[in-house]
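The opening position of the first sequence corresponds to residue 283 in the working numbering, with each subsequent residue numbered one higher. Note that beta-carbon positions come from the ideal geometry of N, C-alpha and C, so glycine has one too.
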Amino acid sequence: MEITQFQNKVFCIVKEIPRGRVLTYKKISILLGNKNWARAVGNALHNNKDQFLIPCYRVVNAKGKLSISYAFGGIDEQKRLLENDGIKVVNYRVDIEKYLM
DNA sequence: GTTGTGACACATT
DNA sequence: AAATGTGCCACAA
Numbered sequence: 283m284e285i286t287q288f289q290n291k292v293f294c295i296v297k298e299i300p301r302g303r304v305l306t307y308k309k310i311s312i313l314l315g316n317k318n319w320a321r322a323v324g325n326a327l328h329n330n331k332d333q334f335l336i337p338c339y340r341v342v343n344a345k346g347k348l349s350i351s352y353a354f355g356g357i358d359e360q361k362r363l364l365e366n367d368g369i370k371v372v373n374y375r376v377d378i379e380k381y382l383m
């Protein structure tokens with residue numbers, strides 16, 4: 283499995299998200315250097331297969347909503363993982379203003 | 001090289 | 001508020 287530089291950068295950022303914090307696709311895009319890369323970031327995470335290596339459950343969209351097409355246990359599993367991190371999840375949404383890294 | 005798809009975001013309807 | 005359209009990018013076929 284070959285990993286492109288782009289995906290590597292995405293994984294690197296997501297991997298560094300501390301416990302109890304979340305990151306939005308937009309924020310990641312900006313960190314990568316271009317806010318228009320949000321879509322590509324989603325693709326990169328979807329390609330990811332290492333749930334334990336890449337805490338992609340800490341990544342939500344701009345409104346704090348969880349990803350519906352979560353690749354692992356589903357949205358419910360993602361919610362549980364977030365709550366396990368001490369993040370309050372309401373209606374599959376998190377308070378990004380409060381938890382954003 | 002072109003087309004279609006998608007874990008996004010923003011503006012408009 | 002919800003649906004729709006537009007912009008953007010990376011990837012697979």
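Cα-Cα separation between residue i and residue j, rounded to whole angstroms
i    : j    : result
I385 : K370 : Look at the range of the chain in this structure, 283 to 383, and you will see that residue 385 is not part of it.
K347 : I312 : 19 Å
V323 : V372 : 24 Å
L305 : S349 : 12 Å
T286 : K361 : 29 Å
Q333 : E284 : 17 Å
N325 : W319 : 10 Å
Q328 : K297 : First, the amino acid is wrong: residue 328 is His here, not Gln. Those two C-alpha atoms are separated by around 15 Å.
Residue i vs residue j beta-carbon contact at 9 Å
i    : j    : result
K331 : K317 : no
R375 : R340 : no
K345 : I378 : yes
R301 : G368 : yes
Supposed close pair residue i, residue j - CB separation, criterion 8 Å
i    : j    : result
F293 : I336 : 5 Å
Nearest residue (CA-CA) to residue i, options the options
i    : options                : result
G315 : G356, F334, N329, K291 : K291
I299 : E284, F354, V342       : V342
Identified DSSP bridge partners for residue i
i    : result
V372 : R375
V342 : T306
L382 : V304
K258 : The first residue shown for the chain is 283 and the last is 383, placing residue 258 beyond what the model contains.
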